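Engineer: For reference, each letter of the sequence shown is one residue, going 136 to 567 in the numbering used here.
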Amino acid sequence: MKKLVTLSFIALGFLTSTAQTTEEVESVSNGPDLKHWAIDFGAGVNKPVRPLSSGAFTNTPSLYQVDLGVRYMFNNKFGVNADFGYDNIEGDKESIDFQSDYYRFTLEGVVNAAEVLGAREWTQRFGLLLHGGMGVSFLKGSEPVETETDHMLNFQAGVTPQIKLTNSLALFGDLSILGHVRQDLTFDGVDRGTLRGFDGFLVNASVGITLYLGSGDTPADFAESPINAKVEDIAAKMEKMAQENADDDQDGVPNYLDRDNNTESGVRVDSKGRAIDLNKNGIPDDMESALDSRFATSSDLQTAIAGNNGANGNSKNLVKQLINEGYVNVYFKFNSTKPATFSLGAINTIVQYMKDNPSATATLTGFADEIGSPAYNKNLSERRAKMVNDVLTAAGIDASRLSHNGDGEDASVDKNSAEARQLVRRVTFRVN
136 MKKLVTLSFI ALGFLTSTAQ TTEEVESVSN GPDLKHWAID FGAGVNKPVR
186 PLSSGAFTNT PSLYQVDLGV RYMFNNKFGV NADFGYDNIE GDKESIDFQS
236 DYYRFTLEGV VNAAEVLGAR EWTQRFGLLL HGGMGVSFLK GSEPVETETD
286 HMLNFQAGVT PQIKLTNSLA LFGDLSILGH VRQDLTFDGV DRGTLRGFDG
336 FLVNASVGIT LYLGSGDTPA DFAESPINAK VEDIAAKMEK MAQENADDDQ
386 DGVPNYLDRD NNTESGVRVD SKGRAIDLNK NGIPDDMESA LDSRFATSSD
436 LQTAIAGNNG ANGNSKNLVK QLINEGYVNV YFKFNSTKPA TFSLGAINTI
486 VQYMKDNPSA TATLTGFADE IGSPAYNKNL SERRAKMVND VLTAAGIDAS
536 RLSHNGDGED ASVDKNSAEA RQLVRRVTFR VN
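1) Can you tell me where the beta strand (DSSP E) holding R206 begins and where it ends?
2) Taking the alpha carbon of Y238 as the reference point, which residue from D491, N524 and Q200 has its own alpha carbon closest?
3) Taking DSSP as the reference, what is the three-state secondary structure of R518?
4) Output the distance between the C-alpha atoms of G166 and Y207, rounded to the nearest integer angstrom.
5) For T345 and G314, what's the separation of their Cα atoms in angstroms?
6) What first and last residue would you give for the beta strand (DSSP E) that runs through T295?
7) Report buried or exposed for N289, applying the criterion of at least 16 other Cβ atoms within 10 angstroms of its Cβ.
8) Please name the residue in E225, G541 and D525 whose C-alpha comes closest to that of S535.
9) What's the C-alpha gap between P296 and G408?
10) Cβ of F240 versus every heavy atom of the ligand NAD: is any distance shorter than 8 Å?
11) Where does V559 sit, in a helix, a strand or coil, going by DSSP?
12) Please name the residue, chosen from R317, L413, N216 and K473, that lies closest to A503 on a Cα-to-Cα basis.
13) Please identify the residue among V486, P493, A191 and H266 whose C-alpha is closest to the C-alpha of D218.
14) Have a look at D533, R519 and T528 and flag the residue whose alpha-carbon is nearest the alpha-carbon of T563.
15) Short of 6 Å in beta carbon distance, which residues of its chain neighbour S230, apart from the five on each side in sequence? Order them along the chain.
16) Rounded to whole angstroms, what is the Cα-Cα separation between R560 and K521?
17) Between the region 479-493 and the region 507-516, are three or more C-beta pairs nearer than 8 Å?
18) According to DSSP, what are the bridge partners of P354?
19) Please list the terminal residues of the continuous beta strand (DSSP E) segment that includes K275.
20) Going by beta-carbon coordinates alone, are N181 and L310 separated by less than 9 Å?
21) Please report the straight-line C-alpha distance between L99 and A546, rounded to a whole angstrom.
22) Determine the DSSP secondary structure at F144, reduced to helix, strand or coil.
23) Taking the CB atoms as reference points, tell me whether S587 and D491 lie closer together than 9 Å.
24) Determine the closest residue to Y462 out of M269, D386, A481 and N339, with distance taken between C-alpha atoms.
25) Counting only the same chain and skipping the five closest in sequence on each side, list residues whose C-beta sits under 7 Å from that of D352.
26) Return the residue from the list L263, L274 and T321 that minimises the CA-CA distance to V189.
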């Protein structure tokens, strides 16, 4: 019985400490998003343990007992409860015949064990409340003789598992024990007890339903800890900062400042992450020099065309020669089937040639660099060729004049050079 008293005072102590820390959890206790009030309706069985007269006993358990609780939660951890109850106490058929009426009122502190123990982190539907406190009880025998009412002091402690149905309703079970001080009448109402101190002991078990009241959206019993909510908010902000400050294209400019987050590796960029293109021709300067070292420059083409026109006036043959010898290509970013912006000029060259030569046909061949498996690169090269084929047909070239295939990896360059690998991620053309 001393443990019962200790548990009751611990619950009241929690209640006192809650009042002192209300300001710390103001966002929960005063927030409009919580339902602080709850009404508990329960009914079940009881078991009077002592005192009973000789030969008097009840069923185990015995019907019936009912209770009504009005609860207010200061926050999602602590609250208070006013509990009203009635027990009907009758003798078993093999016992002496008796009937008594027992009434109680108890003021308790409530601890949300699910939140305090951290269970709320893995369940939002199940709860567990601990309650304990003290109050007054009244016992009156009605059979075989009516007795005077016995007034006593009670100490109650219990545990209440919960299942949330909605934000307004929950089911609960409850197991409570009550100890009495100065109980002079036995539970059967026949004798006067002679013991002093804790001379009464009663167990109640019930099931019932909880109705949550208030303008909030969430019952305080099942609310998330304000600290956890703050931590999650900070974590989300930190994640956002990490993403913004990341540098996906490794150009030295964080994502949140980068206007072009897909620049090629090794290409110099300005403060906004855009590839430097001083001559404004759509080709990054660092890539232009690499392309010029392998392919003819625009000035070379113009000189060659002018010279060929002077010789025989047949510039179309020269364009065909340049296309078939690999001077006109469409380039791609790493692991991409989207043509690089600066390659639109090459596509336009093919479109113009095909339109100027209505009987001409073209074969498109895709390539990939050596990064990745041969099977994957074969498929990637085919998809690149198909993508350019689709662009040409969208530009007005009849699909019957085009064919496409993929040759997989081009191992003609140094695999360890990012700039060199850029040159082989391409689609080439052959026209006739």
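Ideal placement from N, C-alpha and C gives every residue a C-beta, glycine not left out.
These figures come from a predicted structure and were not determined experimentally.
Structural biologist: In short, the structure shows the following:
1) Start and end: S197 to M208.
2) From the listed residues D491, N524 and Q200, the smallest Cα separation to Y238 is found for Q200.
3) Here R518 sits in helix by DSSP.
4) The predicted position of G166 is uncertain, since its pLDDT is 44 and thus under 50; no value can be drawn from it.
5) Put simply, the backbone Cα of T345 is about 25 Å away from that of G314.
6) Segment D285 to K299, the beta strand (DSSP E) holding T295.
7) Flag for N289 reads buried.
8) Comparing Cα positions, the closest option is D525.
9) In a straight line, the C-alpha of P296 is about 58 Å away from that of G408.
10) Absence of the ligand NAD is noted for the structure shown, with no ligands found whatsoever.
11) Residue state, collapsed to three classes: helix.
12) When only C-alpha atoms are compared, the closest one is K473.
13) For D218, the closest of V486, P493, A191 and H266 by C-alpha to C-alpha distance is H266.
14) Checked all of D533, R519 and T528; the closest Cα to T563 is R519.
15) Excluding its 5 nearest sequence neighbours in each direction, S230 has C-beta neighbours in its own chain below 6 Å: A191 and F192, listed in chain order.
16) Going by the C-alpha atoms only, they are around 14 Å apart.
17) Taking a cut-off of 8 Å for Cβ pairs, the region 479-493 and the region 507-516 do not touch, as fewer than three such pairs fall below it.
18) Within the DSSP secondary-structure output, P354 pairs in a beta bridge with K170.
19) Segment F261 to E278, the beta strand (DSSP E) holding K275.
20) One thing to note: N181 has its Cβ no nearer than 9 Å to the Cβ of L310.
21) The question about residue 99 has no answer here: the residues shown for the chain are numbered 136 through 567.
22) At F144 the pLDDT is 49, less than 50, meaning the model places this residue with poor confidence; the figure from the coordinates comes in the next sentence. Helix, per DSSP.
23) There is simply no residue 587 to check, as the chain begins at 136 and stops at 567 in what is shown.
24) Comparing Cα positions, the closest option is A481.
25) Cβ neighbours of D352 beyond the five flanking positions: D168 and N302.
26) In the sequence as presented, Val is not what sits at residue 189; that position holds Ser. Closest option to S189, Cα to Cα, is T321.
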